[in-house]
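Trainee: One structure coming up, written as structure tokens, with questions to follow.
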Amino acid sequence: MSALLQTSVALVAGVAAAVGIHALAKRRSRMFHKPYRAFTRAVIVAAGIGGALAPVAPTGIDGVDIVWRALFAAVFTFAAGRAKRDARLIAGAAAAVGSVGAWPWSVVAFVALGLSTGSARMRRPARPLGVVIGALQAQALLRLTWPDTPYATAVLAAVAFVVVVVSGFRHARSRERKPALILSAAFAAVGLVVVGLLAFGLFGIQQDVRDGARAADRGLDAARSGETDVAVAQLERASTRLSSADEGLRAAWMRPGRLVPVLGRYLDSGQRLTAAADAVVAPALESARLAAGDALRIRDGRIDLAAIAELAPPLERTLAAVPGARAAVDRLEDEELPGPLARRLRDLDQSLVDAVDDGEFLLGALDLVPQLLGADEPRRWFVLMQTPSEQRASGGIAGGFGELLIEDGQVDLVRAGEGAELRPVGVPWDLGPLATEYSRFPGTGPERYFQNVTNVPHFPTVGATITTVYPQAGGTPVDGVISVDPSVLAALLSLTGPIEVPEWEGPITAENVRRALLFDQYQRLGSAEGRQFVIDTIQATFDRLTSTTLPAPAQVLHTLSPMVQGQRIKLYSARPEEQALFEEMDITGAVPEVEGDYFELVTQNVGQSKIDWFQQRTLAYDVRHDPVTGRVDAVATVTITNDAPASGLSERLIGGTNFPEPGPLGRSRLFVDFWSALDLDAATLDGAPIVLVTEQAYDRNLHWTVHTIESGEQATFELYLSGFVEPGEPYVLDLGTQPVVRPDQVQVSVSGWSGEEVVPVAGLRDDSGVARATFEQREPRRFVAGSGS
């Protein structure tokens, strides 16, 4: 039966009751003045039984709630027999309004309201009629469904109860008022004592719960971020606060409070929450202490596999305790809590959700980490050193490499070399099906020039190509690839301290290693000496890593995290289960799936110099979005500046391109690639129309050209793009990033199709109805904007 039909039936029943009682009272009103004591008592008893069967739970204790419901209904019915008609009308109106949609109790409420209204002609309606009306109203009041907010129905029922009981008391006989007054006074005195003690206790306990929830939230967040020292401190505070709250809630003088409606529910929910939260915090704290301890520190290139295994049991206990904690949080969220505490609980609940996702991932990772570290068999990994001062799509040319051997947690560098060593002599390397991935670069791909293995932006392709080529070049077959660049070496040296390299005067430090490898060596060293310098720097860095004790894992993760986010550290494994783990860690350098709009600028050096040290790129991406149709029009304005001088530096640094013919010093010749989810309508270069080549790859468009920029000049491309994203959904833009020497300077704006207001959701700020962002891009970024309508 529909809600409208239910309400209609209830209204008809109410009107019928009003008309019927009105007519009956007009003809035979004296029948309502007979005492009918047995009848009224029976009605009161029946009302109490009906109330006991109601579904409301004022304290959360079944037996106690039955008594409270029965008392409510019986007292209300008794008082209704003496109350004035106006009081019953107020209660009847409250019951009728609050029970709409509560079939069949809405009919009961409207019948009671009709009886109250229809008896208006009686000067003194008889007590039997009053108790009947009160019994019906009591049943409806105990089953209210509106307003649909916590405790609103309880407040509505309480108001109706007070109105009727006060009126009934005032108009009762004196011999009825005296015992009622005595009972009420005694009941109120006991209640005040119990409520006072409970309120006093809850005042202090609430602070403990709030602080404990806040600390647990921060501790779980810190644990997920790898900040183990912070996690330990916050989880210890959470454990202390929650234990204090639990002791307070279970104190003997707080127990009577469980019998008090509403406050008893707070007490019960609080006990459940503190117990459940402590069940999560305790093993989480144990895990954090293990992670922060010395056992997991890397010593002389060795990782303790037994210490890693010890992380699993407390993590499993944490995950097992989360459902109970979430249930306790959900139960408390159903209560009408004070704002600060409610917010803390919502934050804690979200942290618990995140903890489950991250914890399940970590458990899976812990199963694979020993395998990755050679617990079962020796593992070999190719270390790729990219050189972004000579750009390639994945970052930079393959300037150097190493080969790691890992056995039973012991890491050793068994070979270091320069990328050119792996070029074939005579017959090109056999890339197999991977050759199609490099078809844009005929004759210059990794089958002939290993250094160009990074010509594609999708690093899993780079990794698969290396594992295919390296054995052909005389190397030992490897299980996977670890890609780094000089920025990563700088991060590692900040952990280990400086190194000494024969070809270099003075120490190589975290502060100078990046400039030394990307710029200075090409100015200060010859070609052969420079190649050896790269090899010796790789060897010395790993020698330093494997001959010292590294800081705590949290500090190592904190130091390397920006390198991962900026895609300067990338991992590839030839084993599917390990590659799936790397994908979960978002460390594969894979081209991401298109989920809305997408744009990425990629430039590749056509020459052999390191002139990209001087390159600066800017991007302005301006979008108009129609949320109704999903239509997107975008203008991408890309400016590439070549700050290289035309003289005064070595040819290795600023030598002109040798493709298609030699050029002057300071000249930069580039593949300029624009990856986009949208179609290209038109393009200009420095204001003049230009035709770009358009291809499809990785489920998106590639618009590209080759362009030359002379010393001290710049080139500005404007691309006019259009397409569609999901209609009726917020606009989502993913901006990819290429690891370059100088971070890109980026501006993004999203406006409505016809000037409508756009609301920033993620990564953007509001600027008079336009969503904007201005930033220095060092990592992939996502932006979300919604319609203001």
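Residue numbers for the sequence shown follow our numbering, so the first one is 0 and each next one is one higher. For glycine and all other residues, C-beta sits at the position ideal for the given N, C-alpha and C. From a predicted model like this one, the values you see are computed outputs, not experimental measurements.
Comparing C-alpha positions only, which one of Ala82, Arg217 and Gly395 sits nearest to Gly606?
Mentor: When only C-alpha atoms are compared, the closest one is Gly395.
Trainee: Taking DSSP as the reference, what is the three-state secondary structure of His557?
Mentor: It is helical.
Trainee: By a C-beta neighbour count over all protein chains shown, 10 Å radius and 16 as the cutoff for buried, is Phe202 buried or exposed?
Mentor: Phe202 comes out exposed.
Trainee: Report the residue from Gly762, Ala696, Ile639 and Leu652 whose alpha carbon sits nearest the alpha carbon of Gln713.
Mentor: The candidate whose alpha carbon is nearest that of Gln713 is Ile639.
Trainee: Taking all protein chains shown into account, decide if Arg29 is buried (16 or more other Cβ within 10 angstroms of its Cβ) or exposed.
Mentor: Residue placement at Arg29 is flagged as unreliable, the pLDDT there being 47, under the threshold of 50; a coordinate-derived value is accordingly withheld.
Trainee: Give the secondary structure of Ile708 by DSSP, where H, G and I count as helix, E and B as strand, and everything else as coil.
Mentor: Correct three-state label for Ile708: strand.
Trainee: Out of Ser224, Asp228 and Ser238, which one is the CA nearest neighbour of Ala215?
Mentor: Nearest of Ser224, Asp228 and Ser238 to Ala215, Cα basis: Ser238.
Trainee: To the nearest angstrom, how far is the alpha carbon of Ala111 from that of Ala46?
Mentor: About 13 Å.
Trainee: With a CB to CB cut of under 6 Å and the five nearest residues on each side skipped, what residues in its chain are close to Arg447?
Mentor: The answer, listed in chain order, is Pro427.
Trainee: The alpha helix (DSSP H) that contains Arg169, what's its start and end?
Mentor: Ala151 to Arg169 is the extent of the alpha helix (DSSP H) around Arg169.
Trainee: Taking all protein chains shown into account, decide if Ala784 is buried (16 or more other Cβ within 10 angstroms of its Cβ) or exposed.
Mentor: So Ala784 counts as buried.
Trainee: Let me make sure I understand the geometry here. Which of Pro561, Thr466, Glu436 and Asp411 has the alpha-carbon closest to that of Leu421?
Mentor: Leu421 has its Cα closest to that of Thr466, out of Pro561, Thr466, Glu436 and Asp411.
Trainee: Could you say if the segment 695–707 and the segment 352–367 meet the contact criterion of at least three C-beta pairs nearer than 8 Å?
Mentor: With a cut-off of 8 Å, the segment 352–367 and the segment 695–707 do not count as touching, because too few Cβ pairs lie within range.
Trainee: Where does Thr189 land, buried or exposed, given buried means 16+ other C-beta within 10 angstroms?
Mentor: The displayed chain sequence assigns Val, not Thr, to residue 189. Result: exposed.
Trainee: Excluding sequence positions up to five away, which residues of its chain have a Cβ less than 8 Å from the Cβ of Pro337?
Mentor: In this prediction, Pro337 has a pLDDT of 49, which is less than 50 and means its spatial position is unreliable; what the coordinates show is noted afterwards. Counting only Cβ-Cβ distances below 8 Å, and skipping sequence neighbours, we find Gln205.
Trainee: Sorted by chain position, which residues of the same chain lie with C-beta nearer than 6 Å to Thr636's C-beta, five sequence neighbours on each side aside?
Mentor: So the list reads Ala619 and Glu717, once near-sequence residues are dropped.
Trainee: If you pair each beta-carbon of the segment 278–289 with each one of the segment 220–240, do three or more pairs fall below 8 Å?
Mentor: Output reads yes: the segment 220–240 touches the segment 278–289.
Trainee: On a CA-only basis, which of Leu556, Pro456, Asp267 and Val163 is nearest Ala490? Give me that one, please.
Mentor: The residue with the shortest Cα to Cα distance from Ala490 is Leu556.
Trainee: Going by the CB atoms, is the gap between Ser243 and Asp299 shorter than 9 Å?
Mentor: Not a contact, by the Cβ cut-off of 9 Å.
Trainee: Tell me Lys569's beta-bridge partners as DSSP assigns them.
Mentor: For Lys569, which the question treats as bridged, DSSP gives the partners Ser482.
Trainee: Taking the alpha helix (DSSP H) that Asp277 belongs to, which residues open and close that run?
Mentor: Unbroken alpha helix (DSSP H) run through Asp277: Leu262 to Ala291.
Trainee: Can you have a look at Asp535 and say buried or exposed, based on whether 16 or more other CB atoms are within 10 angstroms of its CB?
Mentor: Buried is the call here.
Trainee: Please report how far the alpha carbon of Asp407 lies from the alpha carbon of Pro377, in whole angstroms.
Mentor: Their backbone Cα atoms lie some 7 Å apart in a straight line.
Trainee: Assess contact between the segment 727–747 and the segment 763–780, defined as three or more Cβ pairs (one per stretch) separated by less than 8 Å. Is contact present?
Mentor: At 8 Å Cβ cutoff, the stretches touch.
Trainee: In whole angstroms, give me the CA-to-CA distance for Ala291 and Ala222.
Mentor: If you take the alpha carbons of Ala291 and Ala222, they lie about 10 Å apart.
Trainee: Exposed or buried, which one is Trp803 when buried takes at least 16 other CB atoms within 10 Å?
Mentor: Residue 803 lies beyond the stretch modelled for the chain, which goes from 0 to 788, so this question has no answer here.
Trainee: Say the cut is 8 Å; is the CB of Gly300 nearer than that to a heavy atom of the ligand SAH?
Mentor: For the structure depicted, the ligand SAH is absent and the ligand set is empty, with no information on it obtainable.
Trainee: Cα-Cα, which of Asp429, Arg172, Ala137 and Thr495 is closest to Arg296?
Mentor: Per the Cα distances, Thr495.
Trainee: What would DSSP say about Ser28, mapped onto helix, strand or coil?
Mentor: For Ser28, the predicted model reports a pLDDT of 46, less than 50, meaning its position is unreliable; a value from the coordinates is still stated below. Helix, per DSSP.
Trainee: Going by other Cβ atoms of all chains shown within 10 Å of its Cβ, with 16 needed for buried, is Ala527 buried or exposed?
Mentor: Flag for Ala527 reads exposed.
Trainee: Below 8 Å on the Cβ atoms is my guess for Asp64 versus Ala73; work out the distance and round it to an integer in Å.
Mentor: Actually they do not touch by this definition, with Cβ atoms about 15 Å apart.
Trainee: Report the rounded CA-to-CA distance for Arg27 versus Ile132, giving the unit in angstroms.
Mentor: Caution is warranted here: a pLDDT of 46 is assigned to Arg27, below 50, making its placement in the model unreliable, and no coordinate value can be reported.
Trainee: How many Å lie between Ala53 and Ala579 at the Cα?
Mentor: If you take the alpha carbons of Ala53 and Ala579, they lie about 54 Å apart.
Trainee: Among the residues of its own chain, which have a CB less than 7 Å from the CB of Thr443, if the five just before and after it don't count?
Mentor: Closer than 7 Å at Cβ, skipping near neighbours: Asn451.
Trainee: Find the nearest neighbour of Ile302 within the set Leu241, Val368 and Glu246, judged by alpha-carbon distance.
Mentor: With distances taken between Cα atoms, Ile302 lies closest to Val368.
Trainee: What are the start and end residues of the beta strand (DSSP E) that includes Thr636?
Mentor: Element bounds for Thr636: Arg630 to Asn641.
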